[in-house]
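Asks: Below you will find the structure I want to go over with you.
Right, dumping it as structure tokens:
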């Protein structure tokens, strides 16, 4: 009897899942002190002078085609040329004298872009955004504070404070608490502003047309102002009204506190999203490094046994919760139920990274195994960060990993049975 395939698959898969979970925990815990370096061992703060650049974790993130893709803590990229897009996420993202033939897309706590050019668009989200002397087709920015200069065809900004000192051939759309147009601004189209107060145009600013819309809350406050003036002569009635306005002031304080908490929640959401993307990337790399045989075998099964693998994953996902409930009813099987629950949680933690490392072998057959895993992990990580789509990606990844596990066990049992079947 040869039971080796069955035992090997079961034990190695369990070890793989637990090791990958540990790897994700250690990687995420190390993020605040992680050093990101170029392939040549230089710090990411170095400014490459070559026409192409590489940067990333432990040896460098690859180019995905002609795109420069980077996820980490601090990126300072200078004096570089990128064949297509720059895609970056981290705590600090800084571009200085960079040229991208495509677009620049970045999310971070602080984003600084100086003297850089994008052939298409610049799309950025952060707490503080500074874009100086940049040139692109359209700039879209969302932050708490935005400071922009340069030359654009269109510009969109949403923040608490916005300062625009740029040349814009088309329209500018701004939603902010305070809006200031600098003295060097040249806006040929219409300046659309939604704000509690009118935009401030410094002396020398040139704007084709201003379309100002005051926020509805401010309008409501202005409408109530004449009523308070009419009631002013009546001193006897004024005192009770002052007492009545006290709760309104308390409500204003609560609303202000709610706004601050909402801002903090937004920053935490961005940080959590970045950690999720980086975690998926790290899991994909670890899966390829430690368990390349499993990622390759999963890719082979999904090619050669597509329907059985998918059906196994779907049926297993439906049957597992039912089985856990039944085992929890019986006291004897409670430890087994707990083990199954922990195994499912572990699979949920690593499913997206495993799927990225595995399916990338099909999508990018010409890339090396590590570059392939990095590309797949980055793609799946970014997709999982998109609202609604992220939930679907998580479900598909879990079904994919569970289908591979069940198919591996099934094939191992069948081979063991064939090994012990007597032949004529």
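Residue numbers (the working numbering): 4 to 427.
Virtual Cβ for every residue (Gly too), placed ideally from N, Cα, C.
Helix, strand or coil: how does DSSP classify residue 192 here?
Replies: Residue 192: strand per DSSP, three-state reduction.
Asks: Short of 6 Å in beta carbon distance, which residues of its chain neighbour residue 85, apart from the five on each side in sequence? Order them along the chain.
Replies: Hits under 6 Å: 71 and 103.
Asks: Does the separation of the CB atoms of residue 142 and residue 114 fall below 8 Å?
Replies: No, these two residues do not count as a Cβ contact at 8 Å.
Asks: Check whether the stretch 382-400 touches the stretch 294-302, taking contact to mean three or more Cβ pairs, one atom from each stretch, closer than 8 Å.
Replies: Verdict: no, contact absent.
Asks: Between the Cα of residue 2 and the Cα atoms of 345, 310 and 351, which residue gives the shortest distance?
Replies: Nothing about residue 2 can be reported from this structure: the residues present for the chain run from 4 to 427 only.
Asks: So what's residue 208 in DSSP terms, helix, strand or just coil?
Replies: Here residue 208 sits in coil by DSSP.
Asks: Could you tell me if residue 199 is buried or exposed, where buried requires 16 or more neighbouring beta carbons within 10 angstroms of its beta carbon?
Replies: Exposed: under 16 other Cβ atoms inside 10 Å.
Asks: Would you mind stating whether residue 441 and residue 173 have Cβ atoms separated by less than 8 Å?
Replies: Beyond the ends of the chain as shown, which are 4 and 427, falls residue 441; an answer cannot be given.
Asks: Along the beta strand (DSSP E) that carries residue 158, what are the first and last residues, could you check?
Replies: Counting along the chain, the beta strand (DSSP E) containing residue 158 begins and ends at 148-171.
Asks: What is the residue span of the beta strand (DSSP E) that residue 1 lies within?
Replies: With the chain covering 4 to 427 only, the question about residue 1 has no answer from this structure.
Asks: Taking Cβ to Cβ, would you say residue 320 is nearer than 8 Å to residue 396?
Replies: In this structure, residue 396 does not lie closer than 8 Å to residue 320 by Cβ.
Asks: How about the stretch 326-334 and the stretch 372-388: do they share at least three Cβ pairs that are nearer than 8 Å?
Replies: Touching, no, given that fewer than three Cβ pairs across the two stretches are closer than 8 Å.
Asks: Pull up the CB-CB distance for residue 1 and residue 379, whole angstroms please, since I reckon it's below 8 Å.
Replies: This structure cannot settle anything about residue 1, because the visible part of the chain is limited to 4 through 427.
Asks: Determine the direct distance from the alpha carbon of residue 339 to that of residue 333, and round the result to whole angstroms.
Replies: C-alpha separation (whole angstroms): 10 Å.
Asks: With burial defined as no fewer than 16 other Cβ atoms inside 10 Å of the residue's Cβ, what is the status of residue 209: buried or exposed?
Replies: The residue in question, residue 209, is exposed, as its Cβ has fewer than 16 Cβ neighbours within 10 Å.
Asks: Identify which residue in 112, 138 and 216 has its Cα closest to the Cα of residue 3.
Replies: Any property of residue 3 remains undetermined from this structure, which presents the chain solely from 4 to 427.
Asks: Hey, residue 171 and residue 192 are a contact pair by Cβ (cut 8 Å); roughly how many whole angstroms apart?
Replies: Contact holds; Cβ gap of about 7 Å.
Asks: Skipping 5 residues on each side, what residues in its chain have a beta carbon closer than 6 Å to that of residue 89?
Replies: Excluding positions up to five away in sequence, the list reads 71, 103 and 107.
Asks: I'd like the list of long-range same chain contacts for residue 417, defined as Cβ closer than 8 Å, with 5 residues on each side in sequence excluded.
Replies: Around residue 417: no qualifying Cβ.
Asks: If I follow the unbroken alpha helix (DSSP H) through residue 321, where does it start and stop?
Replies: Segment 309-332, the alpha helix (DSSP H) holding residue 321.
Asks: On the DSSP letters alone, give me the boundaries of the alpha helix (DSSP H) that residue 382 sits inside.
Replies: From DSSP, the alpha helix (DSSP H) with residue 382 extends over 372-387.
Asks: Helix, strand or coil: how does DSSP classify residue 181 here?
Replies: Strand, per DSSP.
Asks: Based on DSSP bridge pairs, tell me the residues matched to residue 90.
Replies: According to DSSP, which records beta bridges pairwise, residue 90 is partnered with 72 and 108.
Asks: Residues in the same chain with beta-carbon distance under 6 Å from residue 133, minus the five sequence neighbours each way, listed in chain order, please.
Replies: For residue 133, where only same-chain residues beyond five positions count, the Cβ hits under 6 Å are 115 and 150.
Asks: Out of 404, 369, 183 and 415, point me to the one whose CA is closest to residue 314's CA.
Replies: Considering only alpha carbons, the answer is 404.
Asks: Whose C-beta lies closer than 8 Å to the C-beta of residue 317 among residues of the same chain, with five residues either side of it excluded?
Replies: Closer than 8 Å at the Cβ level, and outside the excluded window around residue 317, lie 402 and 406.
Asks: Run through the DSSP bridge pairs and tell me what residue 298 is partnered with.
Replies: Answer is none; residue 298 lacks a bridge partner.
Asks: What residues match up with residue 465 in a beta bridge as DSSP calls it?
Replies: The question about residue 465 has no answer, for the chain in this structure spans 4 to 427.
Asks: Starting from residue 120, follow its DSSP beta bridges and name the residues at the other end.
Replies: In the DSSP output, where bridge partners are listed per residue, residue 120 has 102 and 138.
Asks: Looking only at its own chain, which residues have a Cβ that is under 6 Å from the Cβ of residue 216, when we skip the five neighbours before and after it?
Replies: Correct list, in chain order: 197.
Asks: Go to residue 82, then tell me how far its beta strand (DSSP E) extends in each direction, as first and last residue.
Replies: Segment 77-85, the beta strand (DSSP E) holding residue 82.
Asks: Using only CA atoms, which one of 156, 212 and 354 lies nearest to residue 284?
Replies: That would be 354, whose Cα lies nearest to the Cα of residue 284.
Asks: Could you say which of 324, 289 and 176 lies nearest to residue 345 if we only look at CA atoms?
Replies: Out of 324, 289 and 176, 324 has the C-alpha closest to the C-alpha of residue 345.
Asks: Am I right that residue 291 and residue 373 are in contact with their C-beta atoms under 8 Å? What's the rounded C-beta distance?
Replies: Indeed, because the Cβ distance is near 6 Å, the residues count as touching under 8 Å.
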